[in-house]
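Here the structure comes first, spelled out in structure tokens, and everything after it is commentary.
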Amino acid sequence: MKKPDYVYVTYIATTPEKLWQALVDVDLMREWWVDPQAGCSRVNVSDWQPGSRWAHQRADGTDTVDIVGKVIESTPSRRLAFTWARPDDADNDAKHSRVAFDIEVYGDGLVRLTVTHDELASDPDMLAGISGGWPKVLSNLKTFLETGHALPHTPAAH
Numbered sequence: 030m031k032k033p034d035y036v037y038v039t040y041i042a043t044t045p046e047k048l049w050q051a052l053v054d055v056d057l058m059r060e061w062w063v064d065p066q067a068g069c070s071r072v073n074v075s076d077w078q079p080g081s082r083w084a085h086q087r088a089d090g091t092d093t094v095d096i097v098g099k100v101i102e103s104t105p106s107r108r109l110a111f112t113w114a115r116p117d118d119a120d121n122d123a124k125h126s127r128v129a130f131d132i133e134v135y136g137d138g139l140v141r142l143t144v145t146h147d148e149l150a151s152d153p154d155m156l157a158g159i160s161g162g163w164p165k166v167l168s169n170l171k172t173f174l175e176t177g178h179a180l181p182h183t184p185a186a187h
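When we follow this note's numbering, the leftmost residue of the sequence shown carries the number 30, and every step to the right adds one.
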């Protein structure tokens, strides 16, 4: 049975270069990769060279690492791909999924961003998490690049 794939496509009024910087620059990322419920920014830390490790960590002073992986491909302003796993599964390649950001010019002043998250292990919690998470994160990215500000966030009502 093929592992489920997740694909998200959005169009952003920006340049491939600005989009790339937002994906790899920790200071920019802190502005838009925000958990809307918790109000806590996340950053992806790496040198973004193929074979390098990366870590998805909280930017709340704790630097708690939630996701880890290795960079597969890094072609500035075109493609960024890496593996994705829980920290406890860092050394178990069978439990790594794969994320790719594909950047294409789409007309004058527009970029098409396609995010593919595939090779998901039989992990319904991970699939549910990314299915809810990617739309929020990518909406923030789009809004940030087009307006200079991420979407407003407020803690969820309990």
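Ideal Cβ placement from N, Cα and C applies to all residues, glycine included.
Given the structure is predicted, the values throughout are model-derived calculations rather than measurements.
Query, Result
"CB-CB under 7 angstroms to L174, same chain, minus the five flanking residues each way: which ones, in chain order?", "I41, T43, K47, L48, A51"
"Quick check on S168: does DSSP put it in helix, strand or coil?", "helix"
"Just the C-alpha distance for G80 and L139, rounded to the nearest angstrom, thanks.", "31 angstroms"
"For a quick check, are the C-beta atoms of W83 and V72 less than 8 angstroms apart?", "no"
"Per DSSP, E60 forms a beta bridge with which residues?", "Bridge partners of E60: none, in fact."
"If you draw a straight line from the C-alpha of P105 to the C-alpha of Y35, how long is it?", "23 angstroms"
"Along the beta strand (DSSP E) that carries K124, what are the first and last residues, could you check?", "Careful: K124 lies outside any beta strand (DSSP E) and carries neither H nor E."
"Using the three-state DSSP reduction, which class does A179 fall into: helix, strand or coil?", "coil"
"Is it buried or exposed for H146, if we count other Cβ within 10 angstroms and need 16 for buried?", "buried"
"Would you kindly work out how many angstroms separate the C-alpha atoms of W113 and P45, rounded to a whole number?", "23 angstroms"
"If we require 3 or more residues per run, which beta strand (DSSP E) segments fall completely within the stretch 91–158?", "94–104, 108–113, 126–134, 140–147"
"CA-CA distance, R87 and T93?", "5 angstroms"
"Checking 8 angstroms against the spacing of the C-beta atoms, do V53 and W77 come in under that value?", "yes"
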